[in-house]
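K.L.:
To start, I am sharing the structure in question, which I have written as structure tokens.
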Amino acid sequence: MATDTKKMVKIRIPRTKADEEDVFASVNMETFIIKRGVEVEVPDYVAEVLRHQEESLEEIMLFNEKANSK
0 MATDTKKMVK IRIPRTKADE EDVFASVNME TFIIKRGVEV EVPDYVAEVL RHQEESLEEI
60 MLFNEKANSK
């Protein structure tokens, strides 16, 4: 019998003045609504997806800053 054990990790997505809404994440048809400002446990792969999202948003911001400074 196979068990579906997931490695869980604690995360906290900060609230900001600009963004107080809950965060939606979906991985392989499994969906999560994560409340900002509260420490929650999620599977490690969800935390990884959220980390990649933040990295991508930062890259976009840096690209836009470079483009606007020319």
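With numbering that gives the first Met the number 0 as the guide, the letters of the sequence shown map in order to residues 0 to 69.
By construction, the Cβ of each residue, glycine as well, lies at the ideal position given by its N, Cα and C atoms.
Since LYS24 sits in a beta bridge, which residues does DSSP pair it with?
P.N.:
Checking the sequence, you will find Ala at residue 24 rather than Lys. Per DSSP, PHE31.
K.L.:
So is SER25 in contact with chain B if we call contact Cβ pairs under 9 Å?
P.N.:
No chain B is present in this structure, which holds just one protein chain.
K.L.:
Could you tell me how far apart the beta carbons of VAL48 and VAL26 are, in whole angstroms, since I believe they sit closer than 8 Å?
P.N.:
Yes, VAL48 and VAL26 are in contact; Cβ-Cβ is about 6 Å, under 8 Å.
K.L.:
Using the Cα positions of VAL39 and ASN63, report the straight-line distance between them to the nearest angstrom.
P.N.:
Taking the straight line from one Cα to the other gives about 32 Å.
K.L.:
Tell me whether ALA66 counts as near the ligand FAD, meaning its Cβ is closer than 8 Å to at least one heavy atom of that ligand.
P.N.:
Summarising the ligand content, the structure contains no ligands, and the ligand FAD is consequently not present.
K.L.:
For a quick check, are the C-beta atoms of ARG50 and ARG35 less than 9 Å apart?
P.N.:
In this structure, ARG35 does not lie closer than 9 Å to ARG50 by Cβ.
K.L.:
Look up PRO42 in the DSSP assignment and give the residues it is bridged to.
P.N.:
Note: PRO42 sits in a beta bridge opposite MET7.
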